[in-house]
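Structure first, then comments.
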Amino acid sequence: MRPRPAAGVGLGLLLISGLTFATSGTFARSLIDAGWSAEAAVIARVGIAALVLAVPALLSLRGKVAVLRRNLVSVGVFGILGVATAQACFFNAVRYLPVGVALLLEYLGVILVVAWMWLAHGQRPRRLTVAGSVVAVLGLVFVLDLTGATRLDPVGVLWGLGAAVGLAGYFVLAGRIDDDLPSVAMASGGMAVGAVVLGLLGVTGVLSLDATFGEVTFAGRQTSWLVPIAGLSLIAAVVAYLAGIAGTRILGARLSSFVGLTEVMFAVLIAWLVLDELPTVVQLLGGTLIVGGVARVRLDELRGARPVVAAGGPPAEPVLARGDA
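Per numbering that gives the first Met the number 0, the sequence shown runs over residues 0 to 324.
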């Protein structure tokens with residue numbers, strides 16, 4: 000059995016993933032302001048990224064055809080849930096809800112991961128994990144700075160919960176797929192499946208696929224539409240998914256899902272630096288709470304017992320003797 004990387008490596012990969020995922024909103028805004036539909040930007044993002052990773056993925060699979068064959072279903076489900084469902088449901092949710100509320104609903108997927116690992120694998124969360132869950136989600140509320148009473152459209156809430164299911168599927172599947180399947184192959188295959196599914200939804204009229212190909216305004220300057228497209232596909236997709244999948248394999252689904260909350264904090268900081276949207280004191284407090292919640296979950300993982308390995312099968316969640324998404 001191959002030795003596992005250290006936990007610090009997994010945490011570093013997850014933070015890189017959160018940071019690069021957080022750039023997607025800044026890149027996408029310039030496209031959407033120029034006339035792109037959000038769905039078209041997402042398809043361009045994951046479709047180009049899948050093509051960029053296609054050759055490295057094929058090279059990584061040399062001599063591993065059997066590995067790919069036994070993981071085809073998992074990669075397909077990962078693409079449908081972790082890529083297509085999460086993004087399609089989120090963008091439909093924002094048609095009915097404020098973006099902050101829709102994002103908060105999506106990140107309820109973090110709680111779904113804990114519930115799934117408990118119900119499906121018997122990994123009952125201890126008090127510290129429960130406390131970390133509450134603190135992290137509370138911090139997320141502060142970071143989003145939701146103020147005032149908001150009347151939630153039930154249709155939008157259902158779309159947001161669908162996005163939560165997709166996000167939970169991303170973390171769980173990324174943490175469970177065969178160690179012998181290279182991360183680059185999983186990322187490329189999953190994004191290809193996601194792009195195809197979203198494309199089919201666009202062709203059938205479920206999603207809007209509008210795009211323009213002139214200059215756009217990015218970071219206060221006029222530039223080609225190719226600049227934000229490159230950022231979306233290479234930084235916010237290729238780097239983000241590769242680091243995320245590799246990190247999830249090291250730290251496991253539950254802890255990875257909590258570290259993924261830092262994406263929101265990074266998004267606030269990027270908007271401050273690039274778009275001059277200064278974080279409020281409340282948002283900074285929320286960021287502190289998120290870090291505190293992640294630290295509690297991490298401490299609980301280190302204190303807890305190793306998952307039990309079933310005879311002839313992999314552990315329900317990668318063990319922490321080695322060291323996310």
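The C-beta atom is built at its ideal place from N, Cα and C for all residues, glycine as well.
The model shown is predicted, which means the values in this text are computed figures rather than measured ones.
Backbone secondary structure at residue i - three-state DSSP
i, result
"residue 28", "helix"
"residue 255", "helix"
"residue 221", "strand"
"residue 205", "coil"
"residue 261", "helix"
"residue 84", "helix"
"residue 148", "For residue 148, the predicted model reports a pLDDT of 49, less than 50, meaning its position is unreliable; a value from the coordinates is still stated below. Here residue 148 sits in coil by DSSP."
"residue 216", "strand"
"residue 177", "coil"
"residue 168", "helix"
"residue 235", "helix"
"residue 315", "The predicted position of residue 315 is uncertain, since its pLDDT is 37 and thus under 50; a value taken from the coordinates is nonetheless stated next. Residue 315 falls in the coil class under three-state DSSP."
"residue 287", "helix"
"residue 128", "helix"
"residue 111", "helix"
"residue 96", "coil"
"residue 292", "helix"
"residue 34", "coil"
CB of residue i within 8 Å of CB of residue j, strictly
i, j, result
"residue 82", "residue 238", "no"
"residue 201", "residue 9", "no"
"residue 288", "residue 112", "no"
"residue 244", "residue 186", "yes"
"residue 54", "residue 189", "no"
"residue 249", "residue 103", "no"
"residue 21", "residue 212", "no"
"residue 222", "residue 214", "yes"
"residue 155", "residue 96", "yes"
"residue 349", "residue 18", "Only positions 0 to 324 of the chain appear in this structure, which leaves residue 349 out of reach."
"residue 85", "residue 166", "yes"
"residue 92", "residue 158", "yes"
"residue 109", "residue 217", "no"
"residue 206", "residue 87", "yes"
"residue 177", "residue 44", "no"
Opening and closing residue of the alpha helix (DSSP H) in which residue i lies
i, result
"residue 73", "64-77"
"residue 240", "239-250"
"residue 122", "Here residue 122 belongs to no alpha helix (DSSP H), and DSSP marks it neither H nor E."
"residue 21", "6-21"
"residue 44", "37-59"
Residue from the options whose Cα sits closest to the Cα of residue i
i, options, result
"residue 194", "15, 39, 30 and 210", "39"
"residue 23", "226, 61 and 250", "226"
"residue 198", "62, 41, 32 and 110", "41"
"residue 76", "164, 64 and 120", "164"
"residue 80", "171, 179, 295 and 219", "171"
"residue 230", "118, 136 and 51", "51"
"residue 66", "132, 218, 182 and 25", "182"
"residue 263", "14, 232, 158 and 295", "14"
"residue 106", "228, 138 and 219", "138"
"residue 61", "89, 129 and 184", "184"
"residue 292", "130, 32, 123 and 90", "130"
"residue 299", "25, 126 and 110", "126"
"residue 210", "152, 32 and 261", "32"
"residue 219", "7, 16, 5 and 25", "25"
Min CB distance residue i to chain C below 8 Å
i, result
"residue 117", "Protein chain content of the structure displayed is limited to a single chain, and chain C is not contained in it."
Near the ligand NAD: residue i beta-carbon under 7 Å from a heavy atom
i, result
"residue 205", "For the structure depicted, the ligand NAD is absent and the ligand set is empty, with no information on it obtainable."
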